[in-house]
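Engineer: Under this note's numbering, the first residue of the sequence shown carries the number 154, and numbering increases by one thereafter.
Idealized CB from N, CA, C, for every residue including glycine.
Okay, handing you the structure first.
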Amino acid sequence: MLLILFFLPFALLGAPTNPKALNKILVEENPETPEKRKKIRKIIDTAFENRIPRVQGRQGVAPPLKLAVLNYGPKNNQTRKFEELNSEINGILTFNPPLQLIKTSEYTFESDIMLNENQANNLAKSIENGNYRAKRQAIVDTTLFWNTSVPIYYQFDSKLSATNIANVRKAIKFWNDNSCLNFKEDSNAKNRLFMSSAGGCWSYVGKQVDMPYQMVSVGPSCDTLGTATHELMHAIGFWHQQSRSDRDDYVYVDFSNIIPSQAYNFQKMPLDQAQLLNLPYDYGSVMQYYPYAFALDSSKYTILAKQNGFQNSMGQREAPAFSDLIGVNKLYNCSSTQSIVSFQSISIEATSTWQTFNAKAGDPNSYTSSSDNSTNCFWHIKAPVGQKVEFKMTTAPMSAICMQECPWQSIEINLGRFDLYGMITCCDTFLNQVFTSEQNTIALRGIIRYNQLNYSIQYRSVPTQGTATSPVCVSR
Numbered sequence: 154m155l156l157i158l159f160f161l162p163f164a165l166l167g168a169p170t171n172p173k174a175l176n177k178i179l180v181e182e183n184p185e186t187p188e189k190r191k192k193i194r195k196i197i198d199t200a201f202e203n204r205i206p207r208v209q210g211r212q213g214v215a216p217p218l219k220l221a222v223l224n225y226g227p228k229n230n231q232t233r234k235f236e237e238l239n240s241e242i243n244g245i246l247t248f249n250p251p252l253q254l255i256k257t258s259e260y261t262f263e264s265d266i267m268l269n270e271n272q273a274n275n276l277a278k279s280i281e282n283g284n285y286r287a288k289r290q291a292i293v294d295t296t297l298f299w300n301t302s303v304p305i306y307y308q309f310d311s312k313l314s315a316t317n318i319a320n321v322r323k324a325i326k327f328w329n330d331n332s333c334l335n336f337k338e339d340s341n342a343k344n345r346l347f348m349s350s351a352g353g354c355w356s357y358v359g360k361q362v363d364m365p366y367q368m369v370s371v372g373p374s375c376d377t378l379g380t381a382t383h384e385l386m387h388a389i390g391f392w393h394q395q396s397r398s399d400r401d402d403y404v405y406v407d408f409s410n411i412i413p414s415q416a417y418n419f420q421k422m423p424l425d426q427a428q429l430l431n432l433p434y435d436y437g438s439v440m441q442y443y444p445y446a447f448a449l450d451s452s453k454y455t456i457l458a459k460q461n462g463f464q465n466s467m468g469q470r471e472a473p474a475f476s477d478l479i480g481v482n483k484l485y486n487c488s489s490t491q492s493i494v495s496f497q498s499i500s501i502e503a504t505s506t507w508q509t510f511n512a513k514a515g516d517p518n519s520y521t522s523s524s525d526n527s528t529n530c531f532w533h534i535k536a537p538v539g540q541k542v543e544f545k546m547t548t549a550p551m552s553a554i555c556m557q558e559c560p561w562q563s564i565e566i567n568l569g570r571f572d573l574y575g576m577i578t579c580c581d582t583f584l585n586q587v588f589t590s591e592q593n594t595i596a597l598r599g600i601i602r603y604n605q606l607n608y609s610i611q612y613r614s615v616p617t618q619g620t621a622t623s624p625v626c627v628s629r
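Now the structure itself:
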C-alpha cells in the first residue's frame, strides 16, 4: 500500500499546536513566545507554498543511474532515523490511509535549526526568488558574531544527565583547543548559552543578542562528540553544508524521494545570510546532512555524492572535519588553528615497482563496539618529489559484513586533499580500483571500533608533469 502512496498526491492536514513541544523550547526571561514561533513557521510555509509549482516540477525525476547504482552495502540499522532525533518538538510525519499525510507542528528548520524572525524573512525571500548565486555557508550579519575578546559564556540545565554534560564538555574543549574562541561556564553571565535537553538536538544560528540566554539542546539524542560540536557550530554561526549555493556541483538532491512538505529543508542559503569563506565543499563536514534525510522511501538516499567514493563520508558525526576547524578559525579571524591534535603515522616509501602492504591494527580479542572510543591508526604512502602514488586495495576490512557508514571498522582514504575529509570504505566496492594521489602522498586512516582491522593494498610511484607540491601537514 505504501508503494502506491508514493505516487499519489498528498493532502497535508493542518498542523495542530503542540504545547509540550513549546514548553521545551520557550525559556523564562527570553523574548520567545508561542505566537513568535508560529509566526516564523508561517513565514517559511507561505514562502514555500508560493514556490510549490517549481519544486513539484522536480518531483519524480530519478537520480542519474551512475549515482543510483553505487554499492555501499546494506543500510546501517544502528543509526537512529534522522527525523526522530527532534521528534519531540517537530513531530513525526505519519501516513493516515488512504491518502493523507498528518504532521504535528514543526518549530525547526532543516530539522535542528531554530530560526529568528529576521533569518526566516531572509530565507523566505531566498525560497521565493531562487537567489542562490553566491557560494556561502557561514553567517554574514555581524550582530550574530560572538566577540573573540570576550568568553562565550554557558551554563548547564540541571535536568541534563552527567553523561550528556560530559559529552558537551568534550565538545566545548574541542573548540576551545582548536580555535581562538573561549567558552567559559558562568550561570549568571548575559547572552550565555543554555545547554539543555529541549526535545532533541538543535540550536539557533549565531549569537541571539536579544536573548539573556539562548537554548542549545544537547540531550540524550546528542551523545556523540560530532553531534555536540555540530550544534555548537550552529551557535557559533554556521549553516549546514548542503545549504551551500554550490551544493548542486557536489551532491544530487533526489526530490523524487523527499516528502513533499519537507522539500523546503533543502533550500540553499540567500546571499545576505551566509558566506563560504573560500572553503571547498567537504562531504565529511560535521555540518553535512545524513544522506537519507526526509526520505519518502527510507531505504533510498535523498542526497547522493557526485564524486565517486564519498557517499559513506556524508553525515558522519565522529568529530569535526579539518575543514570545519578552518572554517571556524576563518570566520573569527583567528591567527592560527591553535593546538590541532597531531598524530603519529607509519610512513611507507613507494618505488616504481608494485609493492604489497598488509596492514593490521586494533585488538583481535575486543568484541565490544564503541563510536566514542574508536582507535585511529595512520599510514602515509610517499612517492619521490615530483611523482605521484598509484594504489589499489586488494583486501577490504570486514567485507563479509559490509554496511553503509562502516559502523565497526573502516579505512579513510585521502588522495592528497588533506584539508578535506577522505573516502570511507569497509566493503569490496573499491577492490582493485586504481587511485592516483593529487600530490606525492596518500594518507590512510584505519578507524577501529570493534575487533582487529585487516586490509591489504598494492602501491607504486608514477611520474607526473609539472611542479611538485610540498606535502601538507595532515594533523586533524
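With the cut-off set at 8 angstroms, would you say Y574 and S438 are in Cβ contact?
Structural biologist: Here residue 574 refers to the residue found at position 421 of the sequence shown. Here residue 438 refers to the residue found at position 285 of the sequence shown. Yes, they are a contact pair.
Engineer: Measure the alpha-carbon distance for F447 versus T455 and round it to whole angstroms.
Structural biologist: Along the sequence shown, read from residue 1 onward, the residue named residue 447 stands at position 294. Along the sequence shown, read from residue 1 onward, the residue named residue 455 stands at position 302. Cα to Cα, the separation comes out at about 7 angstroms.
Engineer: Excluding the 5 residues preceding and the 5 following G468 in the sequence, name in chain order all residues of the same chain whose CB lies nearer than 7 angstroms to its CB.
Structural biologist: Within the sequence shown, numbered from 1, the residue matching residue 468 stands at position 315. The residues are Q441, Y442, Y443, P444.
Engineer: Measure the beta-carbon distance from S519 to Y608 and round it to whole angstroms, keeping in mind my assumption that it falls under 8 angstroms.
Structural biologist: Along the sequence shown, one-based indexing puts residue 519 at 366. Along the sequence shown, one-based indexing puts residue 608 at 455. At roughly 17 angstroms, the Cβ-Cβ gap does not stay under 8 angstroms, so S519 and Y608 are not in contact.
Engineer: Under the three-state reduction of DSSP, which class applies to W328: helix, strand or coil?
Structural biologist: Locating residue 328 in the sequence shown gives position 175, counting from the first residue. In the structure shown, W328 sits in a helix (DSSP, three-state: H, G or I).
Engineer: Does the contact criterion of 3 or more C-beta pairs under 8 angstroms hold for the region 333 to 353 versus the region 500 to 508?
Structural biologist: Touching, no.
Engineer: Cutting at 7 angstroms between CB atoms, please list the residues of its own chain near D572, excluding the five before and the five after it.
Structural biologist: Residue numbering aside, residue 572 sits at position 419 when the sequence shown is read from its first letter. Only F475, S476, I479 meet the Cβ criterion.
Engineer: Give the straight-line distance between the Cα atoms of G539 and P616, rounded to the nearest whole angstrom.
Structural biologist: To locate residue 539, count along the sequence shown from 1; it is residue 386. To locate residue 616, count along the sequence shown from 1; it is residue 463. Their Cα atoms are separated by approximately 7 angstroms.
Engineer: How about C487: is its Cβ closer than 7 angstroms to a heavy atom in the ligand PLP?
Structural biologist: As far as ligands go, the structure on display features none, and thus does not contain the ligand PLP.
Engineer: Tell me the residue span of the alpha helix (DSSP H) that contains E481.
Structural biologist: Translated into the one-based positions of the sequence shown, residue 481 becomes position 328. In the sequence as presented, Glu is not what sits at residue 481; that position holds Val. Segment 475 to 484, the alpha helix (DSSP H) holding V481.
Engineer: Sorted by chain position, which residues of the same chain lie with C-beta nearer than 7 angstroms to I577's C-beta, five sequence neighbours on each side aside?
Structural biologist: Numbered from 1 along the sequence shown, position 424 holds the residue referred to as residue 577. Taken in chain order, the residues that qualify are N465, S466, C559, S563, E565.
Engineer: Which of the three DSSP states is assigned to A200 in this structure?
Structural biologist: Residue numbering aside, residue 200 sits at position 47 when the sequence shown is read from its first letter. Helix at A200.
Engineer: Within 8 angstroms, do at least three Cβ pairs link the region 589 to 603 to the region 540 to 551?
Structural biologist: Counting Cβ pairs under 8 angstroms, three or more are found: they touch.
Engineer: Below 8 angstroms, how does it come out for the region 356 to 370 and the region 290 to 299: are there three or more Cβ pairs, yes or no?
Structural biologist: Short answer: they touch.
Engineer: From the DSSP secondary-structure annotation, give me the bridge partner or partners of P616.
Structural biologist: Looking up residue 616 in the sequence shown gives position 463. Per DSSP, Q540.
Engineer: V404 and L457 - do their beta-carbons sit closer together than 8 angstroms?
Structural biologist: To locate residue 457, count along the sequence shown from 1; it is residue 304. To locate residue 404, count along the sequence shown from 1; it is residue 251. Yes, the Cβ-Cβ distance between L457 and V404 is below 8 angstroms.
Engineer: Any idea what DSSP makes of V404, helix, strand or coil?
Structural biologist: In the sequence shown, the residue the question calls residue 404 occupies position 251. Residue state, collapsed to three classes: strand.
Engineer: Going by DSSP in three states, A319 sits in which element: helix, strand or coil?
Structural biologist: Reading the sequence shown from its first residue, position 166 is the one you call residue 319. Three-state DSSP puts A319 in a helix.
Engineer: So, with DSSP's three-state summary, where would you put E338?
Structural biologist: One-based indexing of the sequence shown puts residue 338 at position 185. Reduced to three states, the DSSP call for E338 is strand.
Engineer: Taking the alpha-carbon positions, what's the R613 to K326 distance?
Structural biologist: Here the question's residue 613 lines up with position 460 in the sequence shown. Here the question's residue 326 lines up with position 173 in the sequence shown. In a straight line, the C-alpha of R613 is about 41 angstroms away from that of K326.
Engineer: Please classify A351: does DSSP put it in a helix, a strand, or coil?
Structural biologist: Numbered from 1 along the sequence shown, position 198 holds the residue referred to as residue 351. Coil at A351, not helix or strand.
Engineer: Less than 8 angstroms between the CB atoms is what I'm expecting for I305 and F336, so what's the real figure, rounded?
Structural biologist: Along the sequence shown, one-based indexing puts residue 305 at 152. Along the sequence shown, one-based indexing puts residue 336 at 183. Confirmed, about 5 angstroms.
Engineer: Once you ignore the five residues that flank I318 on each side, which residues in its own chain have a CB closer than 7 angstroms to its CB?
Structural biologist: By one-based count along the sequence shown, residue 318 stands at place 165. So the qualifying residues of the chain are F309.
Engineer: Alpha carbon to alpha carbon, what distance is there between A381 and S311?
Structural biologist: Residue mapping note: residue 311 aligns to position 158 of the sequence shown, counting from 1. Residue mapping note: residue 381 aligns to position 228 of the sequence shown, counting from 1. When rounded, the distance between both Cα atoms is 18 angstroms.
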